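Per the working numbering, residue 14 is the first one in the sequence shown, and the count goes up by one each step. C-beta atoms are modelled at their ideal positions from N, C-alpha and C, and glycine is treated no differently. Note that the coordinates shown come from a computational prediction; the quantities given were computed from them, not determined experimentally.
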Amino acid sequence: MQPSSRVAPALLSLASLGLALAGPAAAAELPATTAAVLAGGCVNCHGPDGRAQGAIPPIGGLDEGYLRARLLAFRDGRDAPGSVMTRLMKGHDTDQIEALAKWFARGGTR
Ligand code: HEC
């Protein structure tokens, strides 16, 4: 047997283990590291720590309740319909929005 034909199945089972770990169990808890991952895409537009200086509003350090309300409104299409935020928040569940609101209210750090 070639060495590579023994390695491939092992890699395959590692890959499916990774998929299983990334399933619903991971979404339920949302530790700080997960909030950091969720927030990673936001800082492209909102700046490091959410403190953008340009046309896109800063979000770092805003009130947690305000952030939660706006993010939920974006997700539910009640705010700025058709904007980039409306489309983006559609992919987030309530737990994730909660984690993002906490994260940026604390200033975009854990
Ligand atoms: C592609 C650029 C882009 C990305 C990525 C992005 N945003 Fe935004 N965000 C915007 C723009 C543009 C607005 C202004 C929208 C409006 O009010 O019409 C905005 C507005 C907001 C507001 C309202 C700010 C205020 O002062 O009321 C919040 C909160 C917000 N974004 C949070 C987030 C979070 C959290 C993420 C990551 C999940 C994120 N944004 C990712 C572009 C972006």
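In this structure, glycine 120 keeps its C-beta atom at 8 Å or more from the C-beta atom of aspartate 76. Proline 70 and alanine 52 have their C-alpha atoms spaced approximately 15 Å apart. At least one heavy atom of the ligand HEC sits closer than 7 Å to the Cβ of proline 70. Under the 10 Å beta carbon count, arginine 83 is surrounded by 16 or more other beta carbons and is classified as buried. The C-beta distance from arginine 64 to glycine 73 rounds to 5 Å, short enough to meet the 8 Å contact threshold. Per DSSP, reduced to three states, the secondary structure at arginine 100 is helical.
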